[in-house]
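Enquirer: First the structure, which I've put down as structure tokens, then a few questions once you've had a look.
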Amino acid sequence: MNEDGHWLTLLGRLDLHAFPLVRAWEDPTVSELIGAFAGALVVVGAVGLVALLTWKRWWRPLFRDWLTSLDHKKIGIMYVVLAGVMLSRALVEAVLMRAQQSLAVDAPGIVAPEHFAQLFSTHGTIMIFFMAMPFLTGLINYVVPLQIGARDVAFPLLNSISLMLTAGGAGLVMLSLAVGEFSTGGWSGYPPYTGKAFQPGVGPDYWIWAVTLASLGTTLSGINIAATIYKKRCPGLHLTRMPLFCWTSLCTAILMIFATPPLTVATALLALDRYLDFHFFTNDLGGNMMNYVNLFWLFGHPEVYILILPAFGVFSEVISAFSSKELYGYKSLAAATMAIGVLSFTVWLHHFFTMGQSASVNAAFGIATMTISIPTGVKIYNWIWTMFRGEVRFTAPMLFALAFIVTFVLGGLTGIMLAIPPIDYVVHNTVFLVAHFHNMLIPGLLYGMIAGYMYWFPKAFGFRLSEVWGKVAFACWVSGFYLAFMPLYVLGLGGMARRSQALFEPDYRPWLIVAACGAVLLLSGLVSLFVQLFVSVRDRDANRVPVGDPWDARGLEWSVAAPPPEYNFATIPRVDRLDPFYWRKERGEAYRTPSRYEDIVMPKESWVGPLVGLAAAACAFGLVWHIGWLSLVGFLGIWIPVVARSFVRDIHRTIPAAEVEAAERLWLERAHRVRPVPRERETEPANLGLARPFPSEVTA
Amino acid sequence: MLEAAPAPAPTLATARRGRALRRLAPWLGVVALLPLGGCGVLDHGMLGAAGPVADQTRSLFLLVCAILIFVAAPVLLLTPIFAWHYRLSNTKSAYRPQWGFNWPLEGLIWIPPTIIVIVLAVFLWRDTHALDPYKPLASPLPPVEVQAVALDWKWLFIYPDEGVASVDELAFPADRPVRLTLTSDTVMQSFFVPRLAGQIYAMAGMTTQLNLAADAPGRFRGENTQFNGVGFQNQKFAVLAQSNDDHAAWIARARAGGRTLDPAAYATLAARSVQPEPILFGSVAPDLFRSILTRNDPGLHAAHGHHAHE
Amino acid sequence: MIAPAQGPQLRHVGLNLLDSDEMEPGEAATGLYGFWLFLMSDAILFALLFAIYGTQVAATAGAPGPQETLKLGPTFIETLILLTSSLTFGLAAIALKYDKGRRGLVLWLCVTLALGIAFLGFELSDLRTMISDGATPNRSGFLSAFFALVPTHGLHVAAGCLWIGVMLTQIAVFGTDARVKLNLLKLGLFWHLLDIVWIAIFSVVYLQGASA
């Protein structure tokens with residue numbers, strides 16, 4: 001073997017030009033410099049993080065307390081942190097794209113076409129797979145076991161593996177900034193454009209493997225969540241007594257189980273096309289790209305509801321809590337959720353009405369699509385009627401919920417327009433479509449996730465978030481949304497194609513400038529969230545809510561301390577109706593000392609999750625760059641820890657009853673000592689997490 | 001609504017925020033007024049319809065908008081009214097925390113949306129068939145047959161009846177409809193002339209069809225809306241609805257140019273590149289379209305109904 | 001003698017091990033339920049590969065088609081082998097439930113493993129013949145679909161064989177403790193699903209292909 005051969009074995013296709021810094025050195029255009037800056041940022045960020053961890057001696061606690069932890073609460077928090085990091089990157093990319101479009105009307109702008117295509121591809125891929133999915137999985141992870149009176153999820157180790165696979169995929173997307181390039185095929189990666197004939201580089205491979213890791217993680221999460229909800233509910237908590245967030249989580253989990261395999265199949269077959277010359281989606285030798293499109297949207301449409309349903313659950317909780325009222329039409333809400341879940345599998349074709357099917361096929365799928373708006377509309381009215389005869393408080397999460405209702409309905413209207421094939425023909429693939437799905441996902445997903453984050457934050461960390469900065473964030477996210485996306489509806493009706501790096505219609509310019517301003521406001525919204533977090537951590541001692549019920553809420557999660565102990569419940573609760581904690585408070589049965597305590601068995605921490613995630617990412621990186629040995633090592637690295645773990649029998653840790661009792665007693669004493677806070681003062685330091693009971697009824 | 005929230009201990013921060021907002025207000029105003037300078041934007045799309053298909057689509061769009069007002073209005077009204085009326089600080093409002101269901105109300109929530117969807121479904125069924133892109137347009141004159149080939153990053157139009165071809169320029173007499181048969185010799189693309197008709201995908205090895213027409217002579221912008229690489233944003237083409245004389249002159253000009261679209265010329269054309277100017281070809285190799293199609297034939301697929309494959 | 005002595009009823013969806021099951025019933029129930037969910041998700045994967053195969057079976061693009069490439073004879077033997085292996089796994093499960101010692105269990109697991117390996121051997125030789133006859137997946141949509149569907153099943157069988165190997169080792173190390181039993185129940189479900197998938201492959205791919 002000659003010199004070159006050795007390098008090929010060792011490094012595959014990796015060479016100096018894979019590094020954006022080198023590319024920028026050779027060709028210092030603004031576009032390349034932006035790429036180099038982003039790549040450098042990843043490297044500097046990683047080095048900085050390593051330095052910080054070393055300097056603060058945080059390595060051990062990081063691994064011992066977090067990365068190897070199987071506690072569903074910590075895994076949930078790690079998911080949300082991952083989502084926050086990825087959101088920051090993808091939102092900056094959004095601002096860059098909006099800036100480019102507003103500058104590039106009859107002008108080159110600042111970002112070259114190739115770079116622009118990577119921007120919209122990573123933006124979409126990250127926002128869906130590495131922002132939205134981790135965020136909602138994190139919230140579900142944190143909240144559902146607490147809501148159903150369980151001590152952990154059904155499969156704690158699997159939970160950790162899911163997280164680490166998702167993190168591995170996210171790491172791969174980040175790595176593509178510093179090494180090589182990302183796909184230019186958009187978040188949906190349609191072949192034949194992403195096939196080897198048109199994209200021989202590594203970009204689509206990064207996309208394929210990042211998405212594959214995420215989709216595997218998601219399938220496993222779905223199995224875990226569904227099994228948790230079906231099998232781990234505490235005694236008396238029938239399905240029809242679950243909080244609505246559990247219902248939407250269950251529906252999301254079912255969709256994850258059945259809708260992610262099509263994605264896995266789609267990316268796997270695309271990989272076979274690219275790596276082994278198969279002909280699934282190629283133009284020649286019998287390939288058929290329409291199969292990909294069907295597979296992708298067979299996943300893609302249920303995915304929309306995977307994303308939106310948990311937020312629906314959050315809004316149900318938030319609106320009910322901040323109206324101090326029972327959720328209106330609980331059963332019809334649960335039924336509507338399940339109806340949406342079923343219908344979501346019957347509409348995928350509306351993503352390609354323009355592919356030339358017969359009018360009857362299009363019409364049938366169009367009508368199926370509109371049918372979904374019925375249960376969705378029912379949900380909207382359920383939330384509105386929940387406020388009816390309530391005591392509404394305009395806290396930040398509630399404001400997000402109200403903004404959601406109004407904004408989401410507008411998005412629903414344009415959704416109905418798009419469901420009508422002839423109208424779809426004239427706005428499909430334009431920025432009208434872009435405006436529509438952002439109009440669904442920003443209120444219907446992001447507002448929900450932010451509201452949930454603010455609502456459950458005091459539960460998770462024991463102190464409230466700054467209300468002022470919460471409202472600043474709200475103002476930015478809402479005004480930013482309208483400024484950024486309403487112009488896109490207009491531009492879309494004006495025939496502006498999506499994913500355009502440059503434009504040639506001067507009439508577009510003013511609208512694009514407004515949209516760019518909106519994008520900046522959205523970024524300010526994100527910055528406000530970070531400021532809010534910083535300020536709240538700084539002032540945490542003034543905002544503690546140790547008793548654990550800062551919002552006078554209704555579910556079991558509020559019946560324990562904030563933050564909850566590792567085992568969640570000192571004694572497994574028994575439930576006899578919906579809103580168990582509300583009724584306990586109503587009957588004066590809350591904060592009672594249990595008659596006896598028992599030893600609690602909890603899972604020990606495990607290295608399997610992080611090892612599997614790291615090995616999967618290494619395997620994927622090897623595949624991207626055709627580094628055979630690395631892929632093999634990575635592949636073995638995935639399975640060896642899993643098999644080895646099955647030989648470990650010492651996987652549990654027992655927390656003695658005395659320890660549980662001591663902690664519980666401390667908390668109960670406090671609950672009996674502190675002053676209950678009325679709703680008028682719930683956002684003040686006086687709120688220690690004990691709610692003053694409301695009168696049960698007031699007549700006007 | 002912001003004022004209604006329980007004041008979180010009035011601090012310097014709140015006052016500072018107020019001042020910052022006041023300072024920002026004029027700028028926000030300017031930003032909000034900016035679009036007024038771009039009102040013409042809607043004329044570039046279906047709302048500026050210049051042909052029967054776009055015109056009917058516009059009518060459908062406006063009808064749907066009108067119906068949707070009934071969907072949006074109750075929500076947009078009730079949400080702020082309820083939220084405000086039942087706010088905590090309003091001591092005059094009723095409070096029934098244990099009220100959560102009512103059958104008549106349930107009927108009101110489920111039935112009207114269902115009726116609206118049924119009404120919309122009727123229009124949807126009717127107009128999806130009426131505006132089927134495959135449906136020939138009513139006209140006393142026969143349609144102009146055009147074979148369109150999507151290339152990177154240009155469109156090739158072959159006029160089999162006249163034996164001419166053009167690149168990035170689709171010309172036809174304004175008093176006749178056009179029947180396009182589309183395929184792609186590269187990745188999937190989407191053919192779209194916003195002011196005349198809706199779009200349709202062009203895919204390799206398969207044909208799709210689109211019928212369009214213009215009301216009067218004019219020049220319109222056509223585009224590919226499906227991203228297909230670095231030249232995507234430049235892939236626009238001119239659509240010329242011409243008077244009969246102008247069209248005859250256009251064909252004469254194509255023939256006079258003397259360029260022949262033979263396999264060699266096609267190979268050059270098909271290479272990935274942005275086409276700066278339209279090109280006209282005076283003659284075309286026979287069966288060029290069919291040869292492009294069969295080169296990429298994916299086999300006998302019947303997966304997509306009766307249309308996708310000829 | 002009746003209800004109180006038996007303790008909580010086992011509710012799980014695998015083979016009911018009753019008194020011999022010292023694992024907390026809830027844990028076994030949850031574990032098997034989760035594994036069922038995984039199998040359903042896996043079944044979707046196969047369903048989609050079948051669908052793709054269905055759309056591409058005619059896309060032979062001049063390369064050898066189903067009639068020329070698919071041989072009924074060897075696959076019929078493969079079918080018999082795999083079906084028998086399901087029977088022997090069933091016998092292993094019965095041994096797990098009723099036998100005091102582990103000899104029966106280990107014996108039947110070994111027989112199952114041997115049959116699984118024999119199946120893989122036959123299948124590999126089939127595929128090798130196809131490839132040497134020039135029926136490679138890079139030649140047509142049909143062959144691509146075939147080489148995605150059938151080897152995916154084969155990979156599952158290979159994973160199942162490795163799993164049996166791991167379980168035999170665990171039986172040697174731990175005997176039949178609660179976790180070994182639970183894993184054997186899961187492995188059984190997995191093995192039987194592969195049988196069902198193979199029957200679908202045999203009917204859809206081989207019987208139809210050879211008779212077309």
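Protein chains in written order, with UniProt numbering: chain G, 1 to 700; chain A, 1 to 310; chain L, 1 to 212.
Each residue gets a CB set at the ideal place from its N, CA and C atoms; glycine is no exception.
Nothing here was measured: the structure is a model prediction, and the numbers come from that model.
#1: Would you mind stating whether leucine 96(L) and threonine 176(L) have Cβ atoms separated by less than 8 angstroms?
#2: Taking leucine 115(L) as part of the alpha helix (DSSP H), name the residues at either end of that continuous run.
#3: 8 angstroms is my cut-off, CB to CB: does proline 421(G) come that close to chain A?
#4: Which residues in chain L sit within 8 angstroms of aspartate 277(G), going by Cβ to Cβ distance?
#5: Which value, in whole angstroms, describes the spacing of the CA atoms of tyrosine 266(A) and glycine 356(G)?
#6: Where glutamine 233(A) and glutamine 501(G) are concerned, what is the direct C-alpha to C-alpha distance, given to the nearest angstrom?
#7: Within the same chain, show all residues whose beta-carbon is closer than 6 angstroms to that of tyrosine 86(A), passing over the 5 residues directly before and after it, in chain order.
#8: With 16 as the cutoff for other CB atoms within 10 Å, does tryptophan 297(G) come out buried or exposed?
#9: On the criterion of 16 or more Cβ atoms from any shown chain inside 10 Å, does histidine 279(G) qualify as buried, or is it exposed?
#10: Check distances from the C-beta atoms of the segment 257–270 of chain G to those of chain L and list, in chain order, the residues that come in under 9 angstroms.
#11: Closest by CA to isoleucine 442(G), which one among Gly300(G), Leu418(G) and Val406(G)?
#12: With a cut-off of 8 angstroms on the beta carbons, I'd call alanine 50(A) and alanine 214(A) a contact; round off their distance for me.
#13: Judging by CA-CA distance, which residue of Val50(G), Leu53(G), Met256(G) and Ala94(G) is the nearest neighbour of residue 702(G)?
#14: Let me know the secondary structure DSSP gives methionine 256(G) once reduced to three states.
#15: Is there a Cβ from chain A that is less than 8 angstroms from the Cβ of arginine 393(G)?
#16: Checking the sheet assignment: what are the DSSP bridge partners for tryptophan 155(A)?
#17: Using C-beta distances below 7 angstroms, list every residue in its chain close to alanine 104(G), excluding the 5 sequence neighbours before and after it, in chain order.
#18: DSSP three-state call for valine 111(G): helix, strand or coil?
#19: Straight-line CA distance for isoleucine 199(L) to threonine 75(L)?
#20: Please classify leucine 300(A): does DSSP put it in a helix, a strand, or coil?
#21: Any Cβ of chain A within less than 8 angstroms of the Cβ of asparagine 283(G)?
#22: Using a cut-off of 8 angstroms between C-beta atoms, extract the partners of isoleucine 384(G) located in chain A.
#23: So within the segment 207–287 of chain A, which uninterrupted alpha helix (DSSP H) runs reach at least 4 residues, ignoring any that extend past its ends?
#24: Could you give the residue range of the beta strand (DSSP E) that holds alanine 18(G)?
#25: Count the C-beta pairs between the segment 464–481 of chain G and the segment 431–448 of chain G that are closer than 8 angstroms, then say yes if the count reaches three, no if not.
#26: Name the chain G residues whose beta carbon is nearer than 7 angstroms to that of phenylalanine 38(L)?
#27: Taking Cβ to Cβ, would you say isoleucine 116(A) is nearer than 8 angstroms to valine 71(A)?
#28: Should the segment 242–254 of chain A be called in touch with the segment 279–292 of chain A, which here means at least 3 C-beta pairs below 8 angstroms?
#29: Could you compute how far the alpha carbon of phenylalanine 202(L) sits from the alpha carbon of glutamate 123(L)?
#30: Against alanine 61(L), what residues of chain G qualify as contacts under a CB-to-CB distance less than 7 angstroms, listed in chain order?
#31: Going along the chain, which residues of the segment 323–343 of chain G sit with their C-beta nearer than 8 angstroms to a C-beta in chain A?
#32: Taking C-alpha atoms, which residue in Thr282(G), Val81(G), Ile572(G) and Trp7(G) lies nearest to isoleucine 600(G)?
#33: Looking at the unbroken alpha helix (DSSP H) that takes in phenylalanine 485(G), where does it start and where does it end?
#34: Could you list which residues in chain G have their beta carbon closer than 9 angstroms to that of phenylalanine 190(L), in chain order?
#35: Compare the C-beta of serine 188(G) against all C-beta atoms of chain L and say whether one is closer than 8 angstroms.
#36: Taking C-beta pairs closer than 7 angstroms, name the residues in chain G that phenylalanine 142(L) reaches, listed in chain order.
Expert: The answer reads as follows:
#1: As a first step, residue 96(L) is located in the third sequence; it is residue number 96 there, counting from the start. As a first step, residue 176(L) is located in the third sequence; it is residue number 176 there, counting from the start. The answer is yes: Cβ separation under 8 angstroms.
#2: Stepping through the third sequence from its first residue, residue 115(L) is reached at position 115. Run containing leucine 115(L): 103–132, per the alpha helix (DSSP H) assignment.
#3: Residue mapping note: residue 421(G) aligns to position 421 of the first sequence, counting from 1. Interface residue, yes.
#4: Looking up residue 277(G) in the first sequence gives position 277. Pro137 and Asn138, listed in chain order.
#5: Your numbering for residue 266(A) matches position 266 in the second sequence. Your numbering for residue 356(G) matches position 356 in the first sequence. The straight-line gap separating the alpha-carbon atoms of tyrosine 266(A) and glycine 356(G) is approximately 26 angstroms.
#6: Numbered from 1 along the second sequence, position 233 holds the residue referred to as residue 233(A). Numbered from 1 along the first sequence, position 501 holds the residue referred to as residue 501(G). If I take the Cα positions, the gap works out to 6 angstroms.
#7: To locate residue 86(A), count along the second sequence from 1; it is residue 86. Closer than 6 angstroms at Cβ, skipping near neighbours: Ser93.
#8: The residue given as residue 297(G) occupies position 297 in the first sequence. Counting C-beta atoms within 10 angstroms of its own C-beta, tryptophan 297(G) has 16 or more neighbours from the protein chains shown and is therefore classed as buried.
#9: For the purposes of this step, residue 279(G) is identified with residue 279 of the first sequence, where counting begins at 1. Histidine 279(G) should be labelled buried.
#10: For the segment 257–270 of chain G, residues whose beta-carbon sits nearer than 9 angstroms to a beta-carbon of chain L comprise Ile257, Phe258, Ala259, Thr260, Pro261, Pro262, Thr264, Val265, Ala266, Ala268 and Leu269.
#11: Counting from one through the first sequence, the residue named residue 442(G) turns up at place 442. Closest by alpha carbon: Val406(G).
#12: For this step, residue 50(A) is matched to residue 50 along the second sequence. For this step, residue 214(A) is matched to residue 214 along the second sequence. The C-beta separation of alanine 50(A) from alanine 214(A) comes to about 6 angstroms, placing the pair in contact by the 8 angstroms criterion.
#13: In the structure as shown, chain G starts at 1 and stops at 700, and residue 702(G) therefore has no counterpart that could be examined.
#14: Position 256 of the first sequence, counted from the first residue, corresponds to residue 256(G). Residue state, collapsed to three classes: helix.
#15: Within the first sequence, residue 393(G) is the residue found at index 393, counting from 1. Look at arginine 393(G): its C-beta is under 8 angstroms from a C-beta on chain A.
#16: Taking the first residue of the second sequence as position 1, residue 155(A) is located at position 155. DSSP lists Ala150(A) as the beta-bridge partner residues of tryptophan 155(A).
#17: Position 104 of the first sequence, counting from 1, holds the residue named residue 104(G). Within the same chain, alanine 104(G) has close Cβ partners Gln501, Ala502 and Leu503.
#18: Locating residue 111(G) in the first sequence gives position 111, where the first residue counts as 1. Residue state, collapsed to three classes: coil.
#19: Here the question's residue 199(L) lines up with position 199 in the third sequence. Here the question's residue 75(L) lines up with position 75 in the third sequence. Their Cα atoms are separated by approximately 11 angstroms.
#20: Position 300 of the second sequence, counted from the start, is the residue given in the question as residue 300(A). The pLDDT assigned to leucine 300(A) is 41, lower than 50, so where the model puts this residue is not dependable; a value taken from the coordinates is nonetheless given after this. Coil.
#21: Stepping through the first sequence from its first residue, residue 283(G) is reached at position 283. Chain A, which has a Cβ nearer than 8 angstroms to the Cβ of asparagine 283(G), makes this yes.
#22: The residue given as residue 384(G) occupies position 384 in the first sequence. Annotation: Cβ neighbours of isoleucine 384(G) in chain A (cutoff 8 angstroms, chain order): Val75, Leu78, Thr79 and Phe82.
#23: Qualifying alpha helix (DSSP H) stretches, in chain order: 244–257 and 263–270.
#24: For the purposes of this step, residue 18(G) is identified with residue 18 of the first sequence, where counting begins at 1. It is not in any beta strand (DSSP E) - alanine 18(G) carries neither H nor E in the DSSP assignment.
#25: The way I'd put it, the segment 464–481 of chain G does touch the segment 431–448 of chain G; three or more beta-carbon pairs between them come closer than 8 angstroms.
#26: For this step, residue 38(L) is matched to residue 38 along the third sequence. Within chain G, the residues near phenylalanine 38(L) are Ile223.
#27: On the second sequence, position 116 is the one that residue 116(A) refers to. On the second sequence, position 71 is the one that residue 71(A) refers to. Isoleucine 116(A) places its beta carbon less than 8 angstroms from that of valine 71(A).
#28: Because the criterion of three Cβ pairs below 8 angstroms is met, the segment 242–254 of chain A and the segment 279–292 of chain A touch.
#29: Your numbering for residue 202(L) matches position 202 in the third sequence. Your numbering for residue 123(L) matches position 123 in the third sequence. Cα-Cα distance, rounded: 12 angstroms.
#30: Within the third sequence, numbered from 1, the residue matching residue 61(L) stands at position 61. For alanine 61(L), the chain G residues whose Cβ falls inside 7 angstroms of its Cβ are Leu285 and Gly286, in order along the chain.
#31: Those residues of the segment 323–343 of chain G that come within reach of chain A (Cβ to Cβ, closer than 8 angstroms) are Ser323, Ser324, Lys325, Glu326, Leu327, Tyr328, Gly329, Tyr330, Lys331 and Ser332.
#32: Within the first sequence, numbered from 1, the residue matching residue 600(G) stands at position 600. Residue Ile572(G) is the option with its Cα nearest to isoleucine 600(G).
#33: One-based indexing of the first sequence puts residue 485(G) at position 485. For phenylalanine 485(G), the enclosing alpha helix (DSSP H) begins and ends at 467–493.
#34: Numbered from its first residue, the third sequence carries residue 190(L) at position 190. What phenylalanine 190(L) touches in chain G: nothing, since even the nearest Cβ is about 14 angstroms away.
#35: For this step, residue 188(G) is matched to residue 188 along the first sequence. Not closer than 8 angstroms to any Cβ of chain L, the Cβ of serine 188(G) fails to qualify, so no.
#36: Within the third sequence, residue 142(L) is the residue found at index 142, counting from 1. The contacting residues are Gly286.
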